[in-house]
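For the protein sequence lines, the chains are A and B, in the order given. First residue of the first sequence? That's 1 in the working numbering, and the numbers climb one at a time after it. First residue of the second sequence? That's 1001 in the working numbering, and the numbers climb one at a time after it.
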Amino acid sequence: MTTNASSIPSEGTFNVGDHSSSGAFLLGQNLPLVDPALWKRRHAIDSASFTAQEVQIVLQTARSFGHILSRPIKKVPTLRGKVVVNMFYENSTRTSTSFALAAQYLSADLINFNVSTSSVKKGESLIDTAETLAAMGTDAVVIRHSSSGVCQQLANYFGDRLCILNAGDGYHDHPTQGLLDLLTIQSRLPEISGKKVVIVGDILHSRVARSNIYLLKLFGANVHVVAPATLLPVDIERLGCTAHTKIEEALDGADVVMCLRMQLERQSSGLIPAMSEYTRFYCITKERLKRHCQPNVLLMHPGPMNRGIEIASDVADDLALSLITNQVTNGVAIRMALLYLCLSTPTERSVLLRFQGDSV
Amino acid sequence: MKILLQGARVICPTSNTDSIQDLLIEESVIAQMGERLSTDGVDKVIALTSDQWVIPGLVDVHVHFRDPGNSDKETTASGAAAAVAGGFTSVCVMPNTTPVIDSTPMILYLLNAARPTGIQIHPIAAVTKGLLGEEMTAMGTLKAHGAVAFSDDGRPVAKASMMRKALEYSRMFDLPIVCHAEDCSLFGNGVMHEGYYSTVLGMPGIPSVCESVIVARDIELVRYTGGRVHFAHVSSKESVSLIRKAKEEGLPVTAETTPHYLTLTDACCQDYDPDFRMNGPLRADDDQAALIQALIDGVIDVIATDHAPHTPEEKAMPFDCAPNGVIGLETSLGVMLTNFYHTGKLNPTELIQVMSSRPAEIFKLPQAGRLEVGARADIAIVDPNLEWTVDPMTFKSKSRNTPFKGQTLKGRATHTFAAGQLLFSLESEQSEAFC
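Shown next as structure tokens:
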């Protein structure tokens, strides 16, 4: 396939989802560009294995693709003729929609393959399903699964034959979420190094927390996590963060607060005594942010939110504070970037650099 | 039929033998041992060198042959073939089959299935009927028909009151209760050791205390009842330390660990390969170090494989959906020689002690674990320096779920005799492979 170079956006002002004074992509554009020909991956599976250089390639590619989202006709032919299959073994609306739109904006053909987790156990194995899709000419599969490690298993099996993109596996990793969060933070805080980022909530069951810890550490952020002791995984600090159980200590001087979804079943499985108790000690309120954090603190949430449980509504809706809708917009751009990088050839990617340069 | 094993290093911990000599097998027994035995009337001479070992057939007190009920995973015949390929001539099979080995007819069924294999297959009967933890089995009758121990392996005896009664009752027959130490509530939905790697890999953890709280409980129950416990597949440093103290006090407890706990850790789960999933799980570096030290000190008495076959289809699953268990009969000796003999941690006598003589002693198998004139000719010939690569496709076991696949090991059994019959010979295996 020859990339139609003119399909790569080189200009345009980005303002979709831009509710505050600075847009999702306005800052961070002046960072030095890394040659995208250095990208060697066929898969995007775990955040821990990304190098800073690879992450920069994803972010700069996402920034350039982001402009497409603000066009009246949101389509470029970059991945024309490529086939992407969304395999979601776990419920998801935003991630599957985000991947689907990302593929379609790039003109890839997209199939949504929704399966209930139970059919995995009694029916066809995941490898057989993926093999079938590959035999039909699929180029990339996007997988969301409740079992940690399935993307790694598939990548070990397929090698370069099929591109595997992890859309969240168990409690393991959710690399596109980590990358979109990084892009979102970098748009406001171009220099992430030394900034204090606090992740609040159910760290034990959170793939989002793990992805963010790895990627933020890569850029020198000072990452803290805070949760009730029953929701902090063993040895979490060995991942390179500081763990707390007291919200006040964690929030002290924070530049960014990332709030995680609190699932109702944590109460029934005996990990917390009551949602009201969780809210009492860990809910992100204006008062807590104001008292403990930096004055210009930024607030993020991967969604979907439980308003009034882990996050107060007035915090979520405060556009001076909340980057939540920017995260969603950036998610599409990040997924476009990963699809493009994993499905293109090195020659095609080196062409991209020129246009990324032009767009600055 | 007289077979003369000539000129090898004959090693037997029980009789304190370690010298170059000949050994004559006549029919099913060892007829003579000594230097330069006469070849007169001998049907077959196997000429060996001083670099080859003649040892008592190995004893594995913890295997699952899935018979009856799961002949897709293993059968008594395939399990026995795997055993002799690994140098084993005696195994104790666990009762968690379908149906459970909890009655006389089931014991008789097993012994009947075992007979044509030629090796010693000793049933371990259930502690409780159906492994349900409620009613005790008829231990005295089961012993009379051939049970050598009792265990609900695969699951713990959950109620302390039931364990107490089982210890009191089994004591009358002087047979051990084999304890699968696991607190089910602490186990939860765990799939690997709870630690750094379970956090990194995002998998529910099985904490070490899940094992050690039951080890502690059962040591207290042994102290109280005077019964005998053998701890199966010990995996954690906390359990090791409790067992060490109990032994120092002189309590009648014994313990086994597996070749995989001694040589692999939870870091091996990083590729999410279910062939590294078992229960107890592969634990951390410091657990491994404690187990190695305990084996050297004699706190761990026995190496057992916990040979647990599962089909490739069952293992071709996400890690958290795959069944627990790995096979070990065909790799145990190679792994132990490579990691303990060749590293100087155990000498040959010590190695054979933990893999043959000591398990035979604990499970009271009088026909196993010794080389003596008049004894049953259960013998393995070992080439400790033979390098080979573990290829599961060549296994005699019906299953392939080994965590040692692809590893190059140094040392293995080249011939295995059970009751004087040559049941395994590497040479004929290899020549068959070329046919």
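Glycine included, every Cβ here is placed at the ideal spot set by N, Cα and C. Keep in mind the model is a prediction, meaning the values are calculated, not measured.
In three-state terms, what does DSSP make of residue i?
i: A134 (chain A); result: helix
i: N222 (chain A); result: strand
i: C1012 (chain B); result: strand
i: M305 (chain A); result: coil
i: T345 (chain A); result: coil
i: H1310 (chain B); result: coil
i: G159 (chain A); result: helix
i: I1101 (chain B); result: coil
i: D1153 (chain B); result: coil
i: G168 (chain A); result: strand
i: S1360 (chain B); result: Note on residue identity: the sequence assigns Ala, not Ser, to residue 1360 (chain B). In the structure shown, A1360 (chain B) sits in a helix (DSSP, three-state: H, G or I).
i: G28 (chain A); result: Only weak support is given to the placement of G28 (chain A): the predicted model assigns it a pLDDT of 47, under 50, and the value that follows is read from those uncertain coordinates. In the structure shown, G28 (chain A) sits in coil (DSSP, three-state: anything other than H, G, I, E or B).
i: M1317 (chain B); result: coil
i: S1425 (chain B); result: strand
i: G66 (chain A); result: helix
i: A1125 (chain B); result: strand
i: M1336 (chain B); result: helix
i: L1023 (chain B); result: strand
i: T95 (chain A); result: helix
i: K196 (chain A); result: strand
i: H292 (chain A); result: helix
i: Q1032 (chain B); result: strand
i: L1409 (chain B); result: strand
i: I1352 (chain B); result: helix
i: F1231 (chain B); result: strand
i: I334 (chain A); result: helix
By the criterion of Cβ-Cβ separation under 7 Å, what are the contact partners of residue i in chain A?
i: V1042 (chain B); result: Going along chain A, no residue has its Cβ under 7 Å from V1042 (chain B), so there is no contact; the nearest lies around 53 Å.
i: L1201 (chain B); result: S148, G149 and H172
Can you find a C-beta in chain A that's less than 8 Å from the C-beta of residue i?
i: E1330 (chain B); result: no
i: F1187 (chain B); result: no
i: D1320 (chain B); result: yes
i: V1148 (chain B); result: no
i: D1271 (chain B); result: yes
At a CB-CB cut-off below 7 Å, which residues of chain B make contact with residue i?
i: R238 (chain A); result: Y1196
i: Q267 (chain A); result: Neighbours of Q267 (chain A) on chain B: none; closest Cβ ~16 Å, over 7 Å.
i: T166 (chain A); result: Sequence check: residue 166 (chain A) is Asn here, not Thr. Under the 7 Å cutoff, chain B gives no residues; its nearest Cβ is about 11 Å from N166 (chain A).
Does any C-beta atom of chain B lie closer than 8 Å to the C-beta of residue i?
i: R41 (chain A); result: no
i: S118 (chain A); result: No answer about S118 (chain A) holds up, because its pLDDT of 44 lies below 50 and its placement is not dependable.
i: S92 (chain A); result: no
i: D160 (chain A); result: no
i: S47 (chain A); result: no
i: H244 (chain A); result: no
i: Q177 (chain A); result: no
i: Q152 (chain A); result: yes
i: N114 (chain A); result: no
Just the chain B side, please: which residues come within less than 8 Å of residue i by C-beta, in chain order?
i: V225 (chain A); result: Ordered by position in chain B, no residue passes the 8 Å Cβ test against V225 (chain A), which lies about 11 Å from the chain.
i: V208 (chain A); result: The contacting residues do not exist; V208 (chain A) stays about 11 Å from chain B at best.
i: Y105 (chain A); result: Simply none; closest approach about 30 Å.
Along chain A, in chain order, which residues have C-beta atoms closer than 9 Å to that of residue i?
i: M1163 (chain B); result: What M1163 (chain B) touches in chain A: nothing, since even the nearest Cβ is about 26 Å away.
i: G1205 (chain B); result: P233 and V234
Anything in chain A within Cβ reach of residue i, meaning under 8 Å, just list it in chain order.
i: A1316 (chain B); result: S125 and I127
Can you tell me the Cβ-Cβ gap for residue i and residue j, rounded? I've got them flagged as a contact below 8 Å.
i: Q53 (chain A); j: V34 (chain A); result: 5 Å
i: G1411 (chain B); j: V1382 (chain B); result: 7 Å
i: T78 (chain A); j: S107 (chain A); result: 7 Å
i: V1335 (chain B); j: N1401 (chain B); result: Incorrect: roughly 15 Å between the Cβ atoms, too far for contact.
i: C163 (chain A); j: A130 (chain A); result: Between A130 (chain A) and C163 (chain A) the Cβ distance is about 11 Å, and since that is not below 8 Å, they are no contact.
Going along chain B, which residues have a C-beta under 9 Å from residue i?
i: N156 (chain A); result: D1271, Y1272 and D1273
i: H145 (chain A); result: P1318
Report task. Indicate whether the contact test is met: 3 or more Cβ pairs, each with one atom in the stretch 284-301 of chain A and one in the stretch 318-330 of chain A, closer than 8 Å. Result -> yes
Requested in this report: May I ask you to verify whether the stretch 155-169 of chain A touches the stretch 303-313 of chain A, counting CB pairs closer than 8 Å and requiring at least 3?
Outcome: Judged by Cβ distances under 8 Å, the stretch 155-169 of chain A makes no contact with the stretch 303-313 of chain A, as fewer than three pairs qualify.
Requested in this report: State whether the stretch 1185-1201 of chain B contacts the stretch 1143-1152 of chain B, with contact taken as three or more CB pairs (one from each stretch) at a distance under 8 Å.
Outcome: no
Requested in this report: Report yes or no: do three or more beta-carbon pairs, one from the stretch 1039-1059 of chain B and one from the stretch 1344-1360 of chain B, lie closer than 8 Å?
Outcome: yes
Report task. Inspect the CB distances between the stretch 235-243 of chain A and the stretch 283-296 of chain A and report whether three or more fall short of 8 Å. Result -> no
Query - Contact between the stretch 1310-1326 of chain B and the stretch 1015-1024 of chain B (3+ Cβ pairs under 8 Å) - result: no
Requested in this report: Pair every Cβ in the stretch 186-203 of chain A with every Cβ in the stretch 257-277 of chain A, then say whether three or more of these pairs are closer than 8 Å.
Outcome: yes
Query - Given 8 Å, three or more beta-carbon pairs between the stretch 1274-1282 of chain B and the stretch 1224-1238 of chain B - result: yes
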